[in-house]
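As you go down the protein sequences, you meet chains A and B in turn. Read in order, the letters of the first sequence are residues 1 to 246 in the UniProt record's numbering. Read in order, the letters of the second sequence are residues 1 to 246 in the UniProt record's numbering. Built from N, CA and C at the ideal position, the CB exists for glycine as well.
There are 2 protein chains.
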Amino acid sequence: MEKIKCVISYDGSGFAGFQIQPKKRTVQGELEKALMTIHKGAHVRIQASGRTDTGVHAKGQTIHFETPFTIPEANWKRALNTLLPGDLYINEVEKVPSSFHARYDVIEKEYRYYVWNEKETDVFKRNYAYQFPYALDIKAIQDACSYLEGEHDFTTFSSAKATTRGSKVRTLYQASCEKRGSEIEFIFRGSGFLYNMVRITVGVLLDIGQGRRRAGEIPYLIEQKDRRLVGETIPPQGLYLWRVRY
Amino acid sequence: MEKIKCVISYDGSGFAGFQIQPKKRTVQGELEKALMTIHKGAHVRIQASGRTDTGVHAKGQTIHFETPFTIPEANWKRALNTLLPGDLYINEVEKVPSSFHARYDVIEKEYRYYVWNEKETDVFKRNYAYQFPYALDIKAIQDACSYLEGEHDFTTFSSAKATTRGSKVRTLYQASCEKRGSEIEFIFRGSGFLYNMVRITVGVLLDIGQGRRRAGEIPYLIEQKDRRLVGETIPPQGLYLWRVRY
């Protein structure tokens with residue numbers, strides 16, 4: 001058997017998330033359907049770096065699968081992209097040692113979140129950014145970001161429904177925010193992310209940008225380990241799984 | 001009766017074009033449905049600056065309609081946007097004299113066409129630009145653009161199926177091409193456009209950029225008035241009706 005790693009991108013708008021579900025169009029479902037065609041009806045299970053929710057996009061999601069076939073990497077890429085729908089694309093294919101695992105071997109993930117900071121709706125952004133019409137103090141958000149960086153227990157900033165077992169301590173190597181025109185880009189790089197962590201965190205950062213909270217409250221919020229202290233999870237369409245490092 | 005002019009934008013990906021058709025989702029159909037709700041079931045016919053085909057986008061399409069209601073402009077905008085789907089948005093509402101007509105009073109239209117000049121597919125561009133993987137000589141395209149500007153008979157550059165009666169003479173005030181990174185932007189401003197004129201013209205310009213034709217052939221092609229001399233109409237998803245001037 002050969003083990004194949006793929007870096008993939010998808011427009012999350014048309015998918016009911018990554019994970020396969022009966023009667024739903026999912027990224028895993030489309031990938032396994034294409035692999036089944038190549039494997040003449042045999043089911044090939046894929047493993048991803050992690051799931052993404054309905055509407056969440058990926059520029060560099062990473063998966064692996066095992067195959068009895070010996071096919072050059074470029075041919076794998078061509079064959080899969082020929083079979084896959086237009087909103088799902090294989091960027092890179094690489095043969096990896098049998099010890100490789102797309103989820104267990106992650107050393108860093110990068111997520112980005114895009115906010116369209118305008119009162120007027122842009123129909124071309126509705127599925128690709130979160131429209132937020134209120135004025136924001138970017139400096140205050142940047143100050144708050146610096147409190148988020150480092151090793152912390154992110155319980156406050158993750159879904160209370162999370163099924164994560166064990167520690168909710170994660171390390172954020174980067175939490176940053178830049179405004180370019182009407183677009184605000186949030187970048188998070190970390191050792192791992194809890195369920196809904198980026199969408200909850202950006203929600204808190206937008207509260208801070210609006211002056212509804214102070215940047216200096218972040219250490220207190222982290223300390224409390226209480227999801228109920230912060231606001232709602234903001235929408236999925238601004239979120240992109242940008243890169244996974246091994 | 002009051003006459004209302006609206007500047008509208010739409011993501012053409014989910015529409016079977018502008019013009020109303022039975023059992024198809026069209027821009028006109030969605031607009032007239034919203035107006036019917038506001039008018040308590042009475043049908044209100046809209047007039048546009050012109051139609052757009054399936055998959056073609058608009059940043060500044062312009063329409064008008066007549067109404068017995070006296071509603072402030074801002075309220076029209078809010079009421080319509082509340083009723084319309086997310087891929088169709090009213091940018092501006094203006095009360096206009098009863099003599100105004102969205103099609104007959106056009107003095108200038110601007111179309112843009114976006115080419116994504118990369119070998120690798122970008123899933124986020126598939127509905128919003130035409131992916132063209134071959135190297136292009138932008139200078140040659142710009143030279144060709146300068147031959148297109150001015151008053152010409154554009155028969156060669158319009159659909160042979162066109163139902164346009166009378167003259168195919170139009171004036172192009174601007175035909176230009178700029179490359180920024182992997183994105184190539186074509187801008188056309190003119191007194192009017194024939195059916196498929198932008199998509200056929202950009203197809204010829206891409207031939208020139210590839211070296212399959214010379215820029216200096218443009219005057220000859222115009223002179224021949226023969227659609228069969230040039231290549232196929234390129235795809236709709238790169239095309240945007242950008243602005244209409246009155």
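Asked	Found
Tell me, to the nearest whole angstrom, how far the beta carbon of Leu239(B) is from that of Tyr111(B); I am working on the premise that it is less than 8 Å.	6 Å
If you measure from the beta carbon of Glu120(B) to each beta carbon in chain C, is any gap under 8 Å?	In the displayed structure, chain C is absent; the protein chains listed are A and B.
Kindly list the residues whose CB is nearer than 8 Å to the CB of Gln28(A), restricted to its own chain and excluding five residues on each side of it in sequence; keep chain order.	Phe18, Gln19, Ile20, Ile46 and Ala48
Are three or more beta carbon pairs between the stretch 91–106 of chain A and the stretch 115–127 of chain A nearer than 8 Å?	no
Under 7 Å Cβ-Cβ, which residues of chain A neighbour Asn117(B)?	By Cβ distance, chain A contributes nothing, its closest Cβ being about 17 Å from Asn117(B), past 7 Å.
Quick one: which residues of the UniProt domain "Pseudouridine synthase I TruA alpha/beta" (8–105) of chain A get their C-beta closer than 8 Å to a C-beta of chain B? List them in chain order.	Ser9, Tyr10, Asp11, His57, Asn81, Gly86, Asp87, Leu88, Tyr89 and Asn91
Spell out whether any CB of chain A is found under 8 Å from the CB atom of Phe124(B).	yes
How many Å lie between Glu178(B) and Phe100(B) at the Cα?	35 Å
Using 10 angstroms around the beta-carbon of Pro236(A), count the other beta-carbons present and answer buried if the total reaches 16, otherwise exposed.	buried
In whole angstroms, what separates the C-alpha of Thr171(A) from that of Thr52(A)?	20 Å
Taking buried to mean at least 16 other C-beta atoms within 10 Å of its own C-beta, is Tyr130(B) buried or exposed?	buried
So Ile138(B) packs on Gly60(B), CB below 8 Å; how close in whole Å?	Not a contact, Cβ separation roughly 26 Å.
Please report how far the alpha carbon of Ala135(A) lies from the alpha carbon of Ile200(A), in whole angstroms.	19 Å
Check whether the Cβ atoms of Asp207(A) and Gly192(A) sit closer than 8 Å, and answer yes or no.	no
In the DSSP assignment, find the unbroken alpha helix (DSSP H) run with Ala175(B) in it and report its ends.	Premise fails: Ala175(B) lies in the beta strand (DSSP E), Val169 to Arg180, not in any alpha helix (DSSP H).
Taking the beta carbon of Gly211(B) as the centre, do at least 16 other beta carbons fall within 10 Å, making it buried, or is it exposed?	exposed
Helix, strand or coil: which one does DSSP assign to Gln210(B)?	coil
By the 9 Å beta-carbon criterion, what residues does the stretch 123–152 of chain A contribute toward chain B?	Val123, Phe124, Arg126, Asn127 and Tyr128
Grouping DSSP H, G and I as helix and E and B as strand, with all else coil, what is Leu84(B)?	coil
Check whether the Cβ atoms of Ile71(B) and Thr156(B) sit closer than 8 Å, and answer yes or no.	no
Need the endpoints of the beta strand (DSSP E) that Lys5(B) sits in, please.	Glu2 to Tyr10
From Ala102(B) to Thr67(B), what does the alpha carbon distance come to, in whole angstroms?	15 Å
Can you tell me whether Gln61(B) is helix, strand or coil according to DSSP?	strand
Check Ile234(B) in the structure and name its three-state DSSP category.	coil
Measure how close the beta-carbons of Gly203(B) and Ile184(B) come, nearest whole angstrom, since I'm counting them as under 8 Å.	Not a contact, Cβ separation roughly 13 Å.
How would you write the range of the beta strand (DSSP E) that Leu241(A) sits in, first residue to last?	Leu239 to Arg245
Do Lys24(B) and Ala34(B) count as a contact pair if the criterion is CB distance below 8 Å?	no
Ends of the alpha helix (DSSP H) at Val27(B)?	Val27 to Ile38
Quick check: the Cα distance between Ala160(B) and Arg126(B), rounded to an integer number of angstroms?	28 Å
Kindly indicate which three-state DSSP category Lys95(B) falls into: helix, strand or coil?	strand
What does a CB cutoff of less than 6 Å around Ile8(A) pick up in its chain, not counting 5 residues either side in sequence?	Gln61 and Ile90
Would you mind working out which of Gln142(A), Asn117(A), Ile141(A) and Asp143(A) sits nearest Pro133(A), comparing C-alpha positions?	Asn117(A)
On the criterion of 16 or more Cβ atoms from any shown chain inside 10 Å, does Lys5(A) qualify as buried, or is it exposed?	buried
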